[in-house]
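Per this note's numbering, residue 14 is the first one in the sequence shown, and the count goes up by one each step. From the three backbone atoms N, C-alpha and C, an ideal C-beta is built for every residue, glycine too. Following: one structure in structure tokens, then a few remarks.
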Amino acid sequence: MSSDAADPVLRPSSPPVPPPAREPLWRDVVGDVLRRERRAQERTLKDVAERARISMPYLSEIERGRKEASSEVLAAAARALGLTLAELLALVHREIIRLAPPRPDERRRAATSFTTLRARPLGRGDVRLAA
Numbered sequence: 014m015s016s017d018a019a020d021p022v023l024r025p026s027s028p029p030v031p032p033p034a035r036e037p038l039w040r041d042v043v044g045d046v047l048r049r050e051r052r053a054q055e056r057t058l059k060d061v062a063e064r065a066r067i068s069m070p071y072l073s074e075i076e077r078g079r080k081e082a083s084s085e086v087l088a089a090a091a092r093a094l095g096l097t098l099a100e101l102l103a104l105v106h107r108e109i110i111r112l113a114p115p116r117p118d119e120r121r122r123a124a125t126s127f128t129t130l131r132a133r134p135l136g137r138g139d140v141r142l143a144a
């Protein structure tokens, strides 16, 4: 047995493969958006938490992505920031799209087809489903 076979350091190695990109977690993005909106308004955690009628430590945990907030809590926090729940969710959606890793080509094509299908105008007899 040669010393080269016993010593893995001397073997040629391939470059390390980076781990696959991870999609952003909902709770992290929601927290980032809430914190960004609060800071843009130059408001304190205490002020927003009081207006939303949630505890300051809980709001802090939501902003740091440590807790998953219920829809009721998210709506209250949004209202305290002068936003509707829909506006908050739209901001979160945009941020998730921005942060998401690129999709493989075949999924991108399917998504494009779906988007195109959804974007076409309604014709006679078509039905639009609301989410």
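Item, Value
"The segment 34-43 touching the segment 56-74, judged by at least three CB pairs closer than 8 Å", "no"
"Opening and closing residue of the alpha helix (DSSP H) in which Ile67 lies", "From DSSP, Ile67 is part of no alpha helix (DSSP H); its letter is neither H nor E."
"Beta-carbon contacts of Leu96 that lie in its chain and below 6 Å, excluding the five residues immediately before and after", "none"
"Minimum C-alpha distance to Ala89 - residue among Gly78, Leu101, Lys80, Arg79", "Leu101"
"Contact with chain C by Asp41, beta-carbon distance below 7 Å", "Checking the listed chains, one finds no chain C in this structure; it contains a single protein chain."
"Sequence-distant residues of its chain with Cβ nearer than 6 Å to Gly78 (five each side left out)", "Arg40, Asp41, Gly44"
"Glu119 (DSSP reduced to helix, strand or coil)", "Since pLDDT at Glu119 reaches only 47, below the 50 mark, its modelled position is unreliable, and the value read off the structure follows with that caveat. Helix at Glu119."
"Arg111 - DSSP class collapsed to helix/strand/coil", "helix"
"Own chain partners of Val61 with C-beta closer than 6 Å, once the 5 adjacent residues on each side are dropped", "Arg51, Ala93"
"Arg48 and Glu76 closer than 7 Å at C-beta", "yes"
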